[in-house]
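Below is one structure; the comments refer to it alone.
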Amino acid sequence: MSDIKKIRKGFNINMAGKASLRLVDNKLPETVAIKPTDFHDILRPKVIVNVGDTVKAGTPILFDKRNDNIKYTAPVSGEIVEVKRGEKRKLLEIIILVDKNIEYESFPKHTVSDLKNVSKEDAMAVLLKSGVWPQIIQRPFGIVADPEATPKSIFISGFDTHPLAPDYDFLLKGQESYFQAGIDILKKFTPGHVHLSISADKEVSKIFTKATGVDLHKFSGPHPSGNVGVQIHHIDPINKGDVVWTINPYGVVQIGKLMLEGIYDASKVVAVAGYEVKEPQYYKTFIGGRIDKLIENNLNNPEDNVRVISGNILTGYKVSPKGYLGFYDHMISVIKEGSEYDFLGWIKPTSKRLSYQRAIGLLSFMNPKQEFKLDTNTRGEERAFVQTGVFEKVTPMDVLPEHLFKAIMAEDYDEMEALGIFEVIEEDLALCEFVDVSKHNLQEIVRDGINLIQYS
Amino acid sequence: MKFVRDLLDKQKKHFEKGGKLENFYYGFEALETFAFTPNHTTSTKGVQVRDAIDLKRLMITVVIAMIPALLFGMWNVGHQHFLATGEQAEFMDKFLLGAQLVLPIVVVAYVSGLGVEFFIAIVRKHPVNEGFLVTGMLIPLIMPVTIPLWQVALATVFAVVIGKEVFGGTGMNILNIALLARAFLYFAYPTDISGDIWTYLGPAQAEVQTVDGYSGATALAIAAESVINEGSQPVLQMYDQAWYSGMFTFGNMFMGAIPGSIGETSSFWILIGAIILIATGVGSWKIMFSVFAGAYVMGLGFNAIGANEFMNLPAHYHLVIGGLAFGAVYMATDPVSASHTETGKWIYGFLIGILTVVIRVFNPAYPEGIMLAILLMNVFAPLIDYYVVQANKKRRLQRATV
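From first to last, the protein sequence lines are chains S and Z. Sequential numbering from 21 applies to the first sequence in the numbering used here. Sequential numbering from -6 applies to the second sequence in the numbering used here.
Rendered as structure tokens:
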């Protein structure tokens, strides 16, 4: 067992409404949707099904014309009921009506001892075809991995430090053998190591500690210590020209299931959390599952006063209460919509509103154990960059966030590269956006920078 | 507070697009956001919650940190007046006289500066930035109390327009705005901001009866004299012989009952402000500490050379005379014009300290070193940052070849 890597910089946002460890499995969604917008680099999506077609779990429904061997497949069996498009016919959602009994496309089945005889090419072909492949994310850029590339190594973060984050042990309960099988397959793709990072701050279940064939790392400290980008930076940083892959443990389990059972099983457990939820707990659903059933009669306030977020409150996105879960998300957060004026809100002392900072009247630092009920108000207007030195304190990496942001805004390619754009994606600098006095949309800036580098 | 909200909502339509006063939208908006933090919510992507801090709160924290120095400055203005005229006066008399003289300067600085800010915000159609809240308080505190009010207004307007707005507004300026205002007066109207102008004597400054031996010279001016006059006595001896006994002891200079700019004299009350800034995390303790450290080290260095009497002044005296403490705590820490990197802040502050003492000792014609030192280092801060950033890039490159 390796020694513990201590992360000192960062900040935990302690929100009220943590999901209790209870699983509800009778609220399965009636429809699911695949949203091409969940994948950063789908530029020219091509839908290969029509409304009225029936599909099985694992039937291809979509691909990107630039990279047509990565298939995006139906997570469930059923009928395609709608292909939703937005302005300029931008593809938004492909909606599938879920069958009562899920039928699966069948893929080759292996026994555990067989796995080592599976060739890299065969494994890759079945991952690409079945729809599991998009679970593998490539760094730099944080996009779906390019099957042609050979990654230097593969990183898995075994814990999530985001606000109200789900407990991975609970999400993956009973999937140990699939997880191990997934690791065995992943090892074929890289000449380097498969790194698995776990939290040193809490008890970790055996699913991770028992895994063999991985380099196990322990991280302790505040968010973003659970972010795979931060872990990469501390284990084996990405340099120019390097390609590494990252994958969520859920994706590893999917790979294992595909190889051992021969099916694409897109069922997943998600946490429904937040102080606006009556009973925050875990629910069984599918990738892209419709949210309505999970929050129906389960909210403290009417739907129009709350914001439903697919993902966590730092990196997730707003969805309609009748919307669909994002492809990569393992939680739904529900918080209050903060569209209220606040009389003298800029000077009023407050201990209920969380601040990383301690300027006059911001008293939350005196009671850090408190659980906060933050709403979506911006708490101020956008301004020019003024404060310095705070971004660095919440970024446990040797990057200078302010200078990186400014290089991106100036579209200075060389500077972006030199300042480490290859090492970060939005989530790694999300805390900067939270603490920013000047209220910039910094995650958007990071993605703009990545797009500039990637597509130039 | 509903009626204020209702009133604002009622008026708002006139200022919005298509209203008859739409050109003045940002003026209205600035007032509205002072009364109420806006009802904006986070965008659909990106962080869904935001930290409770905003720029207004950040700036008001600095203003609050300056209040101890301001209040003491008011008292000291009265105190110096009554010492010079030899009249007896109570605490409140001194304070009220001071307030009467200082508040008009504060008001003029705010009105002229905010006037420019609003005007430019309306013309250029952007929100009014809060940076001037701090600048408007800094400018009075670094003026002599006898400064003509029209000069305060002129200097403020000059500094805001030339120092800030031509560069693109708050956050874009290279130089510290308040110091620029003072530097402008120094070079435009030198007679009104140097010499024996530090003490208010009465409405007709020159004709007032002062006590025997009165001199309005500051501690820095006395020390500078020792350089000009060959074969001068040690500076400390000259301090001992001051017209008012005990005026220039270390203790009294630390407490600040000495002539000087309104807010700069009391190191003690400035340190209280420093504690507020550091405890709230708004001012960089690295810069403050390294300015003092730089000045002290340079003072010791001059002690070792000892070529003239000013060089022989014990190093710790440099920390309490002139505007060093004020500059270190409130001016050098301005995040926009200071170094932006953490390593850079150490270097930036230290060089300010060193340069301050160098300018004091080598430039007797113009003894106040901190102003020029900070302005000079403002110009060099981007260069310091450049090298710190280069070091970061180099670490990344070196990693790649390993």
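Glycine is no exception: its CB is placed at the ideal position from the N, C-alpha and C atoms.
Per the coordinates, the alpha-carbon of residue 265 of chain S lies some 23 Å from the alpha-carbon of residue 39 of chain Z.
Less than 8 Å divides the Cβ of residue 443 of chain S from the Cβ of residue 249 of chain S. In this structure, the alpha-carbon of residue 410 of chain S lies about 8 Å from that of residue 456 of chain S. Only exposed fits residue 159 of chain Z, as fewer than 16 other CB atoms lie within 10 angstroms of its CB. Unbroken beta strand (DSSP E) stretches of 3 residues or longer found wholly inside the stretch 26 to 77 of chain Z: none. For residue 164 of chain Z, the closest Cβ of chain S is nearer than 8 Å.
For residue 277 of chain Z, the chain S residues whose Cβ falls inside 9 Å of its Cβ are 408 and 409, in order along the chain. Apart from sequence neighbours up to five positions away, the residues of its chain that approach residue 329 of chain Z with a beta-carbon distance below 7 Å are 164 and 166, ordered along the chain. Taking a 10 Å sphere around the C-beta of residue 313 of chain Z, we find 16 or more other C-beta atoms and assign the residue as buried. Put simply, the backbone Cα of residue 181 of chain Z is about 22 Å away from that of residue 100 of chain Z. Residue pairing from DSSP leaves residue 182 of chain S without any beta-bridge partner. By the neighbour-count criterion, in which a residue is buried when 16 or more other Cβ atoms sit within 10 angstroms of its Cβ, residue 388 of chain Z is exposed.
Within its own chain, the residues whose Cβ lies closer than 7 Å to the Cβ of residue 128 of chain S, once the five positions on either side in sequence are excluded, are 146 and 282, listed in chain order. Using beta-carbon distances, residue 461 of chain S counts as an interface residue toward chain Z, with a partner under 8 Å.
Under DSSP, residue 161 of chain S shares a beta bridge with no residue. Taking a 10 Å sphere around the C-beta of residue 156 of chain S, we find 16 or more other C-beta atoms and assign the residue as buried.
Non-local beta-carbon contacts of residue 275 of chain Z in its own chain, meaning distances under 7 Å to residues more than five positions away in sequence, involve 51, 54 and 55 in chain order. Nearest in C-alpha terms to residue 21 of chain Z, of all of Z/83, Z/121, Z/48 and Z/41, is Z/121.
Within the same chain, and ignoring the five residues on either side of residue 25 of chain S in sequence, the residues whose Cβ sits closer than 6 Å to its Cβ are 239 and 254.
Relative to residue 214 of chain S, the option among S/252, S/198 and S/440 whose CA is nearest is S/252. Rounded to the nearest angstrom, the gap between the Cα atoms of residue 323 of chain S and residue 346 of chain S is 19 Å. In this structure, DSSP gives residue 140 of chain S a helical state, which the three-state scheme calls helix. The beta carbons of residue 231 of chain S and residue 280 of chain S sit no closer together than 8 Å.
By the neighbour-count criterion, in which 16 or more other beta carbons inside 10 Å mark a residue as buried, residue 37 of chain Z falls on the exposed side. Taking 8 Å as the threshold, the shortest C-beta distance from residue 338 of chain S to chain Z falls below it. A direct Cα-Cα distance of roughly 15 Å separates residue 229 of chain S from residue 190 of chain S.
Pairing residue 264 of chain Z with residue 270 of chain Z, the inter-Cα distance amounts to about 10 Å. Annotation: residue 469 of chain S has no Cβ neighbours in chain Z at a cutoff of 8 Å; minimum Cβ distance is about 14 Å.
Annotation: the stretch 211 to 236 of chain Z contains the following complete segments of the alpha helix (DSSP H) (minimum length 4 residues), in chain order: 212 to 221 and 228 to 233.
The alpha-carbon separation between residue 220 of chain S and residue 35 of chain S amounts to approximately 21 Å. By the criterion of a C-beta distance shorter than 6 Å, residue 318 of chain Z is surrounded in its chain by 260 and 263, once the five residues flanking it on both sides are discounted. By the criterion of a C-beta distance shorter than 6 Å, residue 349 of chain S is surrounded in its chain by 330 and 331, once the five residues flanking it on both sides are discounted. Between residue 299 of chain Z and residue 346 of chain Z, the beta carbon gap of about 20 Å keeps them out of contact (Cβ cut-off 8 Å).
The stretch 76 to 84 of chain S and the stretch 338 to 345 of chain S do not touch, with fewer than three beta-carbon pairs separated by less than 8 Å. Around the C-beta of residue 325 of chain Z, 16 or more other C-beta atoms lie within 10 Å, and the residue is accordingly described as buried.
Nearest neighbour of residue 210 of chain Z by Cα position, chosen from Z/194, Z/188 and Z/231, turns out to be Z/188.
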